[in-house]
Every structure is written in C-alpha cells, then in structure tokens.
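In UniProt numbering, the protein residues as written are 1 to 139.
Okay, here's the thing in structure tokens:
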C-alpha cells in the first residue's frame with residue numbers, strides 16, 4: 001500500500017510535538033492501574049495519545065489529514081475533560097494545542113500533485129486566524 005502524501009507532514013508535526021517541554025503527559029495511553037486516574041476510561045470515551053497516533057501513521061490507518069488533526073485534538077480535549085480547566089495537565093494541553101495550531105500552518109496546501117486539500121487548508125487558516133486573534137486580545 002502506497003503511503004499517502006500527507007503522512008510525511010503529519011509525522012513531522014507529531015515529532016515536533018513530542019519534542020515540546022510538556023509533551024511527556026501525552027506520550028502513552030493512561031494506565032488504568034494508575035491510582036491517580038482509576039476512572040479515566042469511564043470518563044473518556046475515546047482515549048488518544050502520541051503513541052496511538054504514531055501507530056496509526058505506521059499502519060497507514062489515516063485516510064485524510066483531518067483524521068490525524070482530529071486525533072491530536074482529541075488528546076487535548078481528553079486532558080481538559082478529565083483533569084478540569086485549572087489542572088497543570090490541562091494547562092500543558094492548552095500550550096501543546098497552541099503549538100499544534102502553529103505547526104499545522106506549515107502543512108502543505110496540496111495533498112498530492114494537483115489535488116488541493118482545501119478543507120484542511122480552510123480549517124488551518126481559520127484556526128490560525130483564531131490563534132492570532134486570541135493572542136492579540138489576550139496580551
């Protein structure tokens with residue numbers, strides 16, 4: 001099976017996210033035996049982490065770049081839902097989410113030769129515009 005052309009930028013984005021200071025919270029699935037999160041799998045219907053995303057990339061499970069974006073965003077959403085908005089892990093998720101939005105802007109506009117990836121590009125441009133607007137209004 002041929003690797004879709006959007007996989008390379010997705011891998012680069014994931015690798016860059018994994019280099020970030022607070023990324024260690026999001027590397028592996030939450031351990032259900034961990035006493036700090038015994039009810040995690042009861043509260044979180046779709047667990048996600050960098051390891052799971054890497055496996056999906058390795059196994060060529062993503063059909064579109066939007067599926068990759070959705071899984072990464074699920075990591076941040078899960079962290080905030082489980083931990084609450086003021087927890088340090090939620091704050092790390094917010095920082096990582098902002099970094100992810102910036103990295104997405106570097107994703108190529110085309111997925112293959114002449115095929116335009118207009119939906120993803122529109123999503124990226126809207127999210128980046130929102131990021132810039134929030135940055136300007138919250139400084």
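The beta carbon of each residue, even a glycine, is placed where N, CA and C say it ideally should be.
Close-in-space but distant-in-sequence residues of the same chain around residue i (CB under 6 Å, 5 per side omitted)
i, result
"residue 37", "30"
"residue 48", "71, 74, 75"
"residue 16", "103"
"residue 13", "103"
"residue 68", "10, 62"
Under 7 Å between C-beta atoms of residue i and residue j
i, j, result
"residue 7", "residue 43", "no"
"residue 50", "residue 96", "no"
"residue 147", "residue 80", "For the chain, the structure presents residues 1 to 139; residue 147 sits outside this window and is missing."
Contacts around residue i, its chain only, beta-carbon distance under 7 Å, and the 5 residues preceding and following it disregarded
i, result
"residue 92", "22, 25"
"residue 61", "none"
"residue 113", "Confidence at residue 113 is low in this model, with a pLDDT of 41, below 50, so the placement of that residue should be treated as unreliable; the coordinate-derived value is given next. Nothing listed; no residue qualifies."
Residue burial classification, residue i (beta-carbon count within 10 angstroms, cutoff 16)
i, result
"residue 85", "exposed"
"residue 65", "buried"
"residue 59", "exposed"
"residue 115", "Low per-residue confidence applies at residue 115: pLDDT is 46, beneath 50, and the placement is therefore not dependable, though the value from the model is reported in the following sentence. Exposed, because fewer than 16 other Cβ atoms sit within 10 Å of the Cβ of residue 115."
"residue 33", "exposed"
Proximal residues to residue i (C-beta, below 8 Å), its chain only, five neighbours per side dropped
i, result
"residue 152", "Residue numbering for the chain in the displayed model covers 1 to 139; residue 152 lies beyond these limits and cannot be assessed."
"residue 3", "60"
"residue 94", "76, 80"
"residue 46", "74, 78"
Start-to-end residues for the alpha helix (DSSP H) that takes in residue i
i, result
"residue 9", "7 to 18"
"residue 74", "65 to 83"
"residue 44", "No alpha helix (DSSP H) holds residue 44; DSSP gives it neither H nor E."
"residue 100", "88 to 104"
Proximity test, residue i beta-carbon vs the ligand MG heavy atom, cut-off 6 Å
i, result
"residue 9", "You won't find the ligand MG in this model; it holds no ligand whatsoever."
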